[in-house]
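Chemist: Submitted below is the structure of interest, expressed as structure tokens.
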Amino acid sequence: MNNSSKSLKKRTVKHSLITLFLSVICIATTCPRGELFPLPTLQYAFQGNVTVSSPTGILAIGDTLWIEWANPRKKLFEKKSAAFLPADSLSIPFYLEYQRLAGGSIPEAFQFITSPTSELELKSEYYGVSGRTGCSTGYQQHFRIGMVCRDTGTYAINFQPTSHYLIAGCLGRKDQSSLSSMEYLFSDNSGSKDIFNSLPMNSQNGYAFLNSQIDKREVYLFQVK
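Now the structure itself:
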């Protein structure tokens with residue numbers, strides 16, 4: 004038996020043992036049939052409002068659209084209980100993404116930046132950025148993301164659901180809200196309807212689902228001219 008076959012056999016045996024171990028756990032804890040890795044139930048579903056620097060949504064190349072969220076009181080609105088709950092010393096995730104609806108030509112239509120004095124670290128995503136806030140100096144819960152416009156066109160931005168990027172406790176602090184998600188809504192997207200209606204009819208038909216998302220304040224539309 005060559006080394007490759009021995010390695011494969013070891014991995015197969017190891018995988019079988021792990022599967023057997025997890026199966027025993029599921030039997031002991033009454034996992035649902037066919038569900039070897041049951042999804043966790045969220046403890047809290049938090050919600051916050053973000054502001055944008057251009058409520059009308061009309062910008063030019065070189066302009067910076069700022070998206071900001073702050074929670075100085077360190078209390079978060081919990082959707083299921085419709086109450087504000089204490090939320091101190093928490094690492095709160097966000098994932099901002101954009102979509103080109105019409106116009107434009109270059110792949111990277113925006114440069115993402117933060118304030119010069121910010122301790123926020125942004126992670127580049129395919130069409131946006133992600134990160135966490137709440138565990139920097141003073142445990143401030145705040146982010147301010149700038150989108151420097153580099154191309155013309157009509158765009159939509161939204162925050163991806165953070166159910167896969169759960170809230171966590173800061174290092175050395177007690178985690179009081181584990182297995183909790185965070186949803187972000189736009190406090191003012193009043194210009195989004197007009198921008199949507201200005202799209203070519205074939206684009207409006209293709210993005211008809213945006214109408215309900217605009218009404219729910221889940222998405223913000225803007226134009227770069």
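Here the sequence shown is numbered in the working numbering, starting from 4 and rising by one per residue. We treat Cβ as the ideally placed atom computed from N, Cα and C, and that holds for glycine.
State the Cα-Cα distance for the pair I217 and R103, rounded to the nearest angstrom.
Modeler: As a working mapping, residue 217 is identified with position 214 in the sequence shown. As a working mapping, residue 103 is identified with position 100 in the sequence shown. Taking the straight line joining both Cα atoms gives about 16 Å.
Chemist: Tell me, please, whether the region 132-139 touches the region 91-100 by the rule of three or more beta-carbon pairs shorter than 8 Å.
Modeler: The region 132-139 is in contact with the region 91-100.
Chemist: Looking at the unbroken beta strand (DSSP E) that takes in F80, where does it start and where does it end?
Modeler: What you label residue 80 is simply residue 77 of the sequence shown in a count that begins at 1. That run of the beta strand (DSSP E) goes K78 to E81.
Chemist: In this structure, how does DSSP classify S206 when only helix, strand and coil are distinguished?
Modeler: Residue 206 sits at position 203 when you count from the first residue of the sequence shown. It is helical.
Chemist: Could you check how far apart the C-beta atoms of S183 and F49 are, in whole angstroms? I think they sit under 8 Å.
Modeler: Start at 1 with the first residue of the sequence shown, and residue 183 comes out as number 180. Start at 1 with the first residue of the sequence shown, and residue 49 comes out as number 46. Correct: roughly 6 Å between the Cβ atoms.
Chemist: What whole-angstrom Cβ distance do F225 and G51 have, given they're in contact under 8 Å?
Modeler: On the sequence shown, position 222 is the one that residue 225 refers to. On the sequence shown, position 48 is the one that residue 51 refers to. Going by Cβ atoms, the distance from F225 to G51 rounds to 20 Å, so no, they are not a contact pair.
Chemist: Please state whether the Cβ-Cβ distance between Q144 and N192 is less than 8 Å.
Modeler: Along the sequence shown, read from residue 1 onward, the residue named residue 144 stands at position 141. Along the sequence shown, read from residue 1 onward, the residue named residue 192 stands at position 189. Taking 8 Å as the Cβ cut-off, Q144 and N192 do not qualify as a contacting pair.
Chemist: By how many angstroms is the C-alpha of V55 removed from the C-alpha of I170?
Modeler: Locating residue 170 in the sequence shown gives position 167, where the first residue counts as 1. Locating residue 55 in the sequence shown gives position 52, where the first residue counts as 1. Roughly 24 Å between the two C-alpha positions.
Chemist: Please state the DSSP three-state secondary structure of Q50.
Modeler: Residue mapping note: residue 50 aligns to position 47 of the sequence shown, counting from 1. Strand.
Chemist: Roughly how many angstroms lie between the CA atoms of S127 and K82, to the nearest whole one?
Modeler: Here residue 127 is taken as the residue at index 124 of the sequence shown, counted from 1. Here residue 82 is taken as the residue at index 79 of the sequence shown, counted from 1. Computed Cα separation, rounded: 29 Å.
Chemist: Inspect the beta-carbon positions of V227 and D154 and report whether they are closer than 8 Å.
Modeler: Along the sequence shown, read from residue 1 onward, the residue named residue 227 stands at position 224. Along the sequence shown, read from residue 1 onward, the residue named residue 154 stands at position 151. Yes, the pair counts as a contact, with Cβ atoms nearer than the cut-off.
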